[in-house]
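Note that the working numbering has the sequence shown beginning at 1, numbered continuously upward.
In what follows, a structure is listed as structure tokens, so that the remarks can point back to it.
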Amino acid sequence: MIISSSAYRNIRRQLDAHDATLVAVSKTKPAEAVMELYEQGQRDFGENRVQELLAKREQLPEDIRWHLIGHLQTNKVKYIVPFVHLIHSVDSAKVLKEIQKQAARIERRVDVLLQFKIAREDTKYGLEWEEAREILQSEAYRQMNYVRICGVMGMATFTEDEALLRQEFRKLDHYFRQLKSEFFAGDPAFRERSMGMSSDYAIALEEGSTMVRIGTLLFGERS
Ligand SMILES: *Cc1c(COP(=O)(O)O)cnc(C)c1O
1 MIISSSAYRN
11 IRRQLDAHDA
21 TLVAVSKTKP
31 AEAVMELYEQ
41 GQRDFGENRV
51 QELLAKREQL
61 PEDIRWHLIG
71 HLQTNKVKYI
81 VPFVHLIHSV
91 DSAKVLKEIQ
101 KQAARIERRV
111 DVLLQFKIAR
121 EDTKYGLEWE
131 EAREILQSEA
141 YRQMNYVRIC
151 GVMGMATFTE
161 DEALLRQEFR
171 KLDHYFRQLK
181 SEFFAGDPAF
191 RERSMGMSSD
201 YAIALEEGST
211 MVRIGTLLFG
221 ERS
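Put into structure tokens, the structure is as follows:
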């Protein structure tokens with residue numbers, strides 16, 4: 001069961017006030033749940049696994065904008081490149097190269113975000129600051145004419161410690177600004193800070209989020 005339409009509209013209003021995009025995270029939920037939200041006007045949906053994304057896409061309207069928000073294995077890149085709206089989870093030079101390769105093959109520009117490690121927890125995925133700079137300074141990146149880097153993504157520590165959350169979101173916002181001035185000055189496409197989930201999105205918005213990824217609040221707890 002998904003949330004009531006008034007609760008959905010309330011979340012949308014909060015985001016609109018910050019000019020932020022709502023990515024409804026439908027992982028583990030059936031296509032019917034996606035459809036319910038679609039009928040209320042939602043078009044951006046996020047999945048963290050390629051197989052699940054592909055399966056749902058087949059059952060759902062074509063104008064849905066699909067976001068890949070989970071770790072992406074290089075061997076899965078080719079399946080999503082033909083249609084994906086935004087890949088939030090670029091966490092290595094290797095996966096970026098593969099996206100370029102597959103995108104060039106079909107001559108489709110693919111929009112991506114660089115995922116950074118910002119949490120205190122020892123999370124597996126995400127770039128360190130220096131790693132990201134190395135990618136952007138590389139000759140290989142300079143020749144990538146089919147990937148467009150549109151900003152950054154990060155996941156904060158799973159905590160109720162508001163000060164820590166703010167600190168981590170600020171870190172991501174700081175990375176965004178540094179990259180903007182060093183590599184993307186004057187590029188209006190480089191604008192997204194994908195941060196904030198069900199439990200922390202209000203704080204993320206205050207700290208400059210332009211895109212929040214919300215699952216539980218919209219679709220209920222996952223089993
Ligand atoms: C599951 C997931 C979310 C949404 O989490 P909720 O707490 O259910 O809102 C956001 N981002 C990523 C990367 C996720 O995997």
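Cβ atoms here follow ideal geometry from the backbone N, Cα and C, with glycine treated the same way.
Straight-line Cα distance separating residue j from residue i
i    : j    : result
D91  : K97  : 11 Å
T157 : K117 : 10 Å
F184 : D63  : 29 Å
F169 : H71  : 20 Å
V110 : F83  : 9 Å
P188 : L205 : 20 Å
N145 : R120 : 35 Å
L165 : N75  : 34 Å
E162 : G208 : 15 Å
G186 : E130 : 22 Å
D200 : T159 : 9 Å
P30  : L15  : 25 Å
R57  : A104 : 23 Å
Q100 : H85  : 15 Å
R13  : M35  : 21 Å
V81  : I106 : 9 Å
G126 : A132 : 10 Å
Beta-carbon proximity of residue i to residue j, cut-off 7 Å
i    : j    : result
R213 : V50  : no
S5   : Q40  : yes
G46  : I69  : yes
R193 : V152 : yes
M211 : T28  : no
V23  : H67  : yes
Residue i beta carbon near ligand 3 (any heavy atom closer than 6 Å)
i    : result
T216 : Ligand 3 is absent from the structure shown, which contains only ligand 1.
Cβ-Cβ separation, residue j to residue i (assumed contact under 8 Å), whole Å
i    : j    : result
I2   : L172 : In fact, because the Cβ distance is near 29 Å, the residues do not count as touching under 8 Å.
K79  : L37  : It is worth fixing the name first, because residue 79 is Tyr in this sequence and not Lys. Actually they are not in contact, since the Cβ atoms of Y79 and L37 sit about 24 Å apart, beyond 8 Å.
F190 : I149 : 6 Å
Q115 : S138 : That pair is no contact at about 18 Å.
N-terminal and C-terminal residue of the alpha helix (DSSP H) that residue i is part of
i    : result
I203 : 201-206
S181 : 162-183
Q100 : 93-106
E130 : 129-137
R57  : 50-59
I87  : Counting along the chain, I87 falls outside any alpha helix (DSSP H), though it belongs to the beta strand (DSSP E) covering 86-90.
V77  : 77-80
Limits of the unbroken beta strand (DSSP E) element including residue i
i    : result
F158 : Segment: none, F158 is in no beta strand (DSSP E) and carries neither H nor E.
K124 : Careful: K124 lies outside any beta strand (DSSP E) and carries neither H nor E.
L114 : 110-117
V212 : 211-214
L72  : Element bounds for L72: n/a, residue is neither H nor E.
R222 : Counting along the chain, R222 falls outside any beta strand (DSSP E), and DSSP gives it neither H nor E.
E192 : 192-194
Within-7 Å CB hit, residue i to chain B
i    : result
V152 : No chain B appears in the structure shown, which is made up of a single protein chain.
Notebook entry, point to check: Of all the alpha helix (DSSP H) runs that stay within the bounds of the segment 13-43, which reach a length of 4 or more residues?
Noted result: Taken in chain order, the whole alpha helix (DSSP H) runs of length 4 or more contained in the segment 13-43 are 31-38.
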